[in-house]
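Trainee: So the protein sequences, as listed, match chains A and B. Counting with this note's numbering, you get residues 1076 to 1197 for the letters of the first sequence. Counting with this note's numbering, you get residues 38 to 281 for the letters of the second sequence. Can you read through this structure? Questions will come right after.
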Amino acid sequence: MKTYRRPVSATWWRRNPYYVWYMVREASCVVLTLYALTLLVGVARLAQGEVRYEDWLERLSRPWAIAYHVLAFLLVAYHAWTWFRIMPKTLPRVPVPDKAIVVAGVAAIGVCSMLLWWAARP
Amino acid sequence: MRTIAIECLRYHPETDEAPRWQRYEVPFSDDMSVLQGLQHIKDELDGSLTFRWSCRMAICGSCGLMLNGVPKLGCEHFLRDYYPGPLRIEPLTHFPIVRDLAIDQSDFLAKLESAKPWLMPKADPGEAPHRQTPKQLDDYYQYSKCINCLLCYAACPQYGLNEKFTGPAVLALLHRYNADSRDGGKGERMPLVNAEDGVWGCTLVGYCSEVCPKGVDPARAVNQNKIESTKDYFLRFLAPRGSK
């Protein structure tokens, strides 16, 4: 039987907003990796002494570094939200509504972030 | 009566090298479904248009189509919601086109059969009814509502990129039987779940569950089985297959 198979283009994800947001979720891990490396560099600078560490801190306070932080924060926040949103589908059956799991997850990360901020305050 | 522009993807294997678009002006009333629009084209405008349909009430799963790029049942959506158009109708994406809007489902059907989607009773209940509690029913009931309409396959980019992927509906139906308290066939179905193209081919895009017209949640079935597959992998070190 002769059939026609439509090719899947490299831009398949652009044809539906649902796929676009999926790709944002997947792509956010790139920025997440870069940010983890940035923090790792900070640890290395700390080991090299106060001067190098202060220099690293100064570089991070430049406008492009602030923009990078804002972008990383937005993408990580989005990733975290999608992570909790799909969490009920990945859990074994529990007698709790899906929405409660999502809300509890987001609330837990909110509380943890606040605690960290409190513990790290100057 | 208003008129809506409908553009159909046409493909006749005898004459066409590749699909082409054809435009029709279809008069419609407010109560007409997209499927009825196609039937009007076939009956009044162009008898050569091919499409599948049967029940007209979202039960048979035959009239799955891409409506403006979104997988939907033609019988379940009204033309009025697409007025003034153009409404672009394509065959379900990710499947080979046999003719016009009809796709070749053989890949899905072979996969469905490989999942052994039937009850393999754990124990012979004899003459007595095989009882289940409401909770046991609830464990699989939503998955039993699948009508094999294939909208979830058209929604799944992983299936589009790799047609070896078992896919949402087959994995949901496989889970329907594995999760049934009366069934004893899980051991026979696990190799399909564990395979590279089984549940691990899913990256949880989640669009399959969004487009399902029957409220089935295939993404949940697939991801429940990632847990099952992991348990199956580790438990075999404790209890090698074949041992009791």
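Backbone N, C-alpha and C fix where the C-beta goes; we use that ideal spot for every residue, glycine too.
Helix, strand or coil: which one does DSSP assign to B/V242?
Mentor: In the structure shown, B/V242 sits in coil (DSSP, three-state: anything other than H, G, I, E or B).
Trainee: Using a Cβ cut-off of 7 Å, which residues of the stretch 1091-1105 of chain A contact any Cβ in chain B, in chain order?
Mentor: Those residues of the stretch 1091-1105 of chain A that come within reach of chain B (Cβ to Cβ, closer than 7 Å) are N1091, Y1093, Y1094, Y1097.
Trainee: Closer than 7 Å by beta-carbon distance: list the chain B residues that pair up with A/V1083, in chain order.
Mentor: Near A/V1083 (Cβ distances below 7 Å), the residues of chain B are G197, L198.
Trainee: Please confirm if B/P133 has its CB atom under 8 Å from at least one CB of chain A.
Mentor: By this cut-off, B/P133 is an interface position.
Trainee: What's the call for B/C186, buried or exposed, on a 16-neighbour Cβ count within 10 Å?
Mentor: That one is buried.
Trainee: Beta-carbon of B/K281 versus every beta-carbon of chain A: anything under 8 Å?
Mentor: Note that B/K281 has pLDDT 42, beneath the 50 cutoff, so the model's placement of it is unreliable and no number is given.
Trainee: Taking only the alpha-carbon atoms, compute the straight-line gap between A/V1105 and A/L1150 and give it to the nearest angstrom.
Mentor: If you take the alpha carbons of A/V1105 and A/L1150, they lie about 10 Å apart.
Trainee: For A/T1078, which residues of its own chain have a beta-carbon under 7 Å away from its beta-carbon, when the five flanking residues on both sides are left out?
Mentor: So no residue of the chain qualifies.
Trainee: For A/T1086, decide whether its Cβ has a neighbour in chain B, counting only Cβ atoms nearer than 8 Å.
Mentor: False, the Cβ-Cβ gap to chain B never drops below 8 Å.
Trainee: Determine the burial state of B/W90: buried for a count of at least 16 other Cβ atoms within 10 Å of its Cβ, exposed for fewer.
Mentor: So B/W90 ends up on the buried side.
Trainee: Is the CB-CB distance between B/L86 and B/D137 below 8 Å?
Mentor: Yes, the Cβ-Cβ distance between B/L86 and B/D137 is below 8 Å.
Trainee: Among all the DSSP beta bridges, which residues are the ones paired with B/K223?
Mentor: None, per the DSSP bridge assignment.
Trainee: Could you list the residues in the stretch 251-275 of chain B with a C-beta less than 8 Å from some C-beta on chain A, going in chain order?
Mentor: Answer set for the stretch 251-275 of chain B: D254, A256, R257, N260, Q261, K263, I264.
Trainee: Considering only their Cβ atoms, is the gap separating B/L129 from B/P158 smaller than 8 Å?
Mentor: Against a cut-off of 8 Å, the Cβ pair of B/L129 and B/P158 comes out as no contact.
Trainee: Does the separation of the CB atoms of B/E265 and B/K153 fall below 8 Å?
Mentor: No; because the gap between Cβ atoms is not below 8 Å, this pair is not in contact.
Trainee: Quick one, which of B/R117, B/A232, B/G222, B/V248 has its alpha-carbon nearest B/Y270's?
Mentor: Looking at the Cα atoms, B/A232 is the closest of the given residues.
Trainee: Span of the beta strand (DSSP E) holding B/Y61?
Mentor: First-last of the beta strand (DSSP E) with B/Y61: 57-65.
Trainee: Along the chain, which unbroken stretches of the alpha helix (DSSP H) at least 4 residues long are found entirely within the stretch 166-232 of chain B?
Mentor: Qualifying alpha helix (DSSP H) stretches, in chain order: 171-175, 188-192, 194-198, 205-215, 223-231.
Trainee: Quick check: the Cα distance between B/P50 and B/K148, rounded to an integer number of angstroms?
Mentor: Looking at the two C-alpha atoms, the distance is approximately 26 Å.
Trainee: What residues from chain A crowd round B/G283, counting only those whose CB sits closer than 7 Å?
Mentor: Residue numbering for chain B in the displayed model covers 38 to 281; residue 283 of chain B lies beyond these limits and cannot be assessed.
Trainee: Mark B/Q261 as exposed unless 16 or more other C-beta atoms lie within 10 angstroms of its C-beta, in which case mark it buried.
Mentor: Flag for B/Q261 reads buried.
Trainee: With three or more C-beta pairs closer than 8 Å as the rule, is the stretch 156-175 of chain B touching the stretch 235-251 of chain B?
Mentor: Contact fails: fewer than three Cβ-Cβ distances are below 8 Å.
Trainee: Taking just the CA atoms, how far does B/A191 sit from B/E54?
Mentor: Taking the straight line from one Cα to the other gives about 23 Å.
Trainee: Consult DSSP for B/T130 and reduce its assignment to one of helix, strand or coil.
Mentor: Residue state, collapsed to three classes: coil.
Trainee: Report the rounded CA-to-CA distance for B/E44 versus B/V63, giving the unit in angstroms.
Mentor: Approximately 10 Å, taken between the alpha carbons.
Trainee: Since B/L116 sits in a beta bridge, which residues does DSSP pair it with?
Mentor: B/L116 is not bridged to any residue.
Trainee: If you measure beta-carbon to beta-carbon, which residues of the stretch 122-153 of chain B are closer than 8 Å to chain A?
Mentor: Answer in chain order: T130, H131, P133, I134, V135, D141.
Trainee: According to DSSP, is A/A1152 part of a helix, a strand, or is it coil?
Mentor: Three-state result, A/A1152: helix.
Trainee: Distance check for A/F1148 and A/S1084, CA to CA, integer angstroms please.
Mentor: Using only the alpha carbons, I get a separation of about 31 Å.
Trainee: Mind listing the chain A neighbours of B/E44? Cutoff is C-beta to C-beta under 7 Å, in chain order.
Mentor: Going along chain A, no residue has its Cβ under 7 Å from B/E44, so there is no contact; the nearest lies around 16 Å.
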